[in-house]
Amino acid sequence: MSDREMSKHPTGSDLIAAFVEEHCFSDVFVVNGGACAFMIDALGRNPGTGYVCVQHEQAAAMSADAIWRTTGRAGVTMVTSGPGATNLITGIASSWFDSIPALHITGQVNDRESKTTIGADVRQAGFQETDIVSMVSTITKSAVKVTSVSELARALHDSLEVAISGRMGPVVVDVPMNVQQEPATDLDFAIALAPVEKRAEDTTPPAVLSSQLESFLAGAERPLVVIGGGLGLAGTARIAQDWCEAHHIPYIASWAGLTYLDRSRKGYQGSQGVYGSRHANWTVNAADRILSFGSRLDNRQRTGNPRAYAPFADFFIIDIDIEEIRKFHADRRYDGAAFDLAGIESVLEGTEFSYDSAPWVSLIEADRGSNSSGWEASVKPGEFNPYSAVTALQPLLPQEAIVIADTGANLAWLFQAYAPDDSLLFTSGGNSPMGYSLPAAIGAQLANPDANVVCVIGDGGLQMNIQELQTAAFYGLPITILLFNNSGYGIIKQFQDSNTSSRHFASGDGYSTPDFGQIAAAYGLPYQRIASVEEITGELFERGLRLIELVIPPNALITPKVESDHFIHDQFPYDDSPRYQPLPFAYPGRPSELVVSSAL
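Following the numbering used here, the numbering of the sequence shown begins with 40 at its first residue and continues without gaps.
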């Protein structure tokens, strides 16, 4: 490898650089420190690798998370021991919950200085010594501290294989300083640089799964498919979509899954959940068979009153992670099978299913025609609000943009109102940390230099990682930052409206923001303040780094929204008319109709 040609006596640090060059995205996200300086030095000396200096380790992990989402290669971080390693944890958790492979390499004190070697029951022996392996053991697929270069070689190789196999996720390799400087042999390099391949999982055979699906779907009158992020990460979401279209089976998506679909096709009914569309949620509650591909069916999707979620339906879940099926063991309506969704085409090809789709499709189309998704009512002439902003901004975006949403109200507004197009649209869904979208946009832009990357973020979220404006400016990254500024934590204020008598403590009352125009000037960013639809023009998306502040009314709401104890399709703002009529069918052993009341 190139690094070995530079050094007559390669070390563990050189081994790491060669491994990154061979198997990962070659630019590593770093914050330097004493316990990782040797490793970063090796990256700098190796012509095939580089480093990106972020301002905070949290941002390093979030940038690395976006690498796999946009390239299919593992992103890498490299940080020092103690606070450097612990600062990664929020970003590691984001990758863990969304099943994103990433390699985190942390420096550690010399073994001879560590509490493990000393054997004393002390909190800390070496300076900045922290047992990061134990801390991240529950949010990684593998976390290991190595004690020799031979262990390092095997740990790097095996950790990456584990990260990309089965239900994917992040890994951590903790490297003491003495191992970083230890000589590496040709055998060490051979082990580390051997091909990295996905490991086979013990899952249901395709023919068996096809038979199970046929049995599950037999007799279905109102089948529905849920397409989740796991199917998208497996690269087979469009295959399942084609199967649904060919068999006239309506389908919906989770927010993690929708980005992988052609959402303009006839069978797509929208996304379900607390901020899902009224129509998609209505479809869920009317279905009698729900087949889920790679979705956790978490409590943001199965929201409201759990007794009223899909009351007429039985469920069959297909997921690589058997635990996502076992968690429903107490509900006899749920069944499922563990399967690697990368091979779902062979299963669907072997599944024989047909039904009289006309009544079900007709019922769905009638509801689609009368049941708006809710937010459209907010787009009124002359008014400027988040929904009018999204609908005005999206047509001006460059084609096939990479659009990364943050969390909170700006995320809900964007995902609700964003119309089907060819953009890659994603967020950190499971952990959903404020401040994610800016470092993720940095990672996406570095990995896709010709792409048009758009960061959507709120005023609260931007302040969580505001220091990364310096990273974007220093590297000259042409990211468009759309700042939805509603002067508070909008999603929390709406929760407080429903649950704490509109006492906006610490979300509006006591919350503060800076002058973002002055912030942009301090970082040397072009800045524009937008307070009306008329000010939104194509010039906003001329290529180049810029901050665009959208001044949103502080009382702007997320609509629609499912509130506690309500049926999933009975969303705020509530309709005073008799909108929710009993469904014209009954399922044996289930409620004969959906109650009109908004609560049980």
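Ideal placement from N, C-alpha and C gives every residue a C-beta, glycine not left out.
None of these values were measured; they are calculated from a predicted model.
The residues SER385 and VAL386, in chain order, have a CB closer than 6 Å to that of PRO245 in the same chain once the five nearest residues on each side in sequence are set aside. For ASN524, there is no enclosing alpha helix (DSSP H); the enclosing beta strand (DSSP E) has its first and last residue at 519-524. Between the alpha carbons of PHE465 and HIS608 lies a distance of about 24 Å. LEU432 and PRO593 have their C-alpha atoms some 20 Å from each other. About 6 Å separates the CB atoms of PHE392 and GLU253; that is less than 8 Å, so the two are in contact. Collapsing the DSSP output to three states places CYS283 in a helix. At the C-beta level, THR298 and LEU463 come within 9 Å of one another. Taken atom to atom, the span from the alpha-carbon of VAL69 to that of ALA100 is near 9 Å. In this structure the region 438-450 does not touch the region 71-83; the number of beta carbon pairs closer than 8 Å is below three. Beta bridge pairing from DSSP links ALA377 with ASP358. Beta bridge pairing from DSSP links ARG568 with GLU588. If the five residues before and after LYS419 are omitted, its C-beta is found closer than 8 Å to the C-beta atoms of SER427, all from its own chain and listed in chain order. Taking ALA479 as reference, the option from GLN610, PRO434 and SER467 with the minimal CA-CA separation is SER467.
The region 54-63 makes contact with the region 112-120: 3 or more CB pairs, one atom from each, lie closer than 8 Å. Exposure of GLU422 is indicated by the presence of fewer than 16 other C-beta atoms within 10 angstroms of its C-beta.
Rounded to the nearest whole angstrom, the CA to CA distance from PRO425 to GLN308 is 23 Å. In the structure shown, VAL172 adopts helical secondary structure according to DSSP, grouped into three states. Look at ILE139 here: in three-state DSSP terms it is coil, with no helix or strand label. GLY309 carries a strand assignment under DSSP once its states are collapsed to helix, strand and coil.
Between the beta-carbon of ILE575 and that of LEU453 there is about 15 Å, and that puts the pair past the 8 Å contact cut. In terms of Cα proximity to GLN167, the closest of GLY413, GLU404, ASN126 and THR177 is ASN126. Closest by C-alpha distance to ARG372, out of GLU362, GLY89 and ILE329, is ILE329. The region 231-242 and the region 211-221 do not touch, with fewer than 3 CB-CB distances between them shorter than 8 Å. Taking 9 Å as the cut-off, the beta carbon of GLY312 is found no closer than this to the beta carbon of ASN324. GLU221 is the residue among LEU82, GLU221 and VAL172 whose C-alpha sits nearest the C-alpha of GLY51. In this structure, ALA486 lies near ILE106, with their beta-carbon atoms less than 9 Å apart. Contact between VAL495 and SER526 is absent: CB atoms are separated by about 17 Å, not below the 8 Å threshold. DSSP, reduced to helix, strand and coil, places TYR394 outside both helices and strands of the structure shown, so it counts as coil.
When the beta-carbon positions are compared, LEU336 and PHE351 stay at least 9 Å from each other.
One alpha carbon belongs to LEU142, the other to ALA440, and they sit about 26 Å apart.
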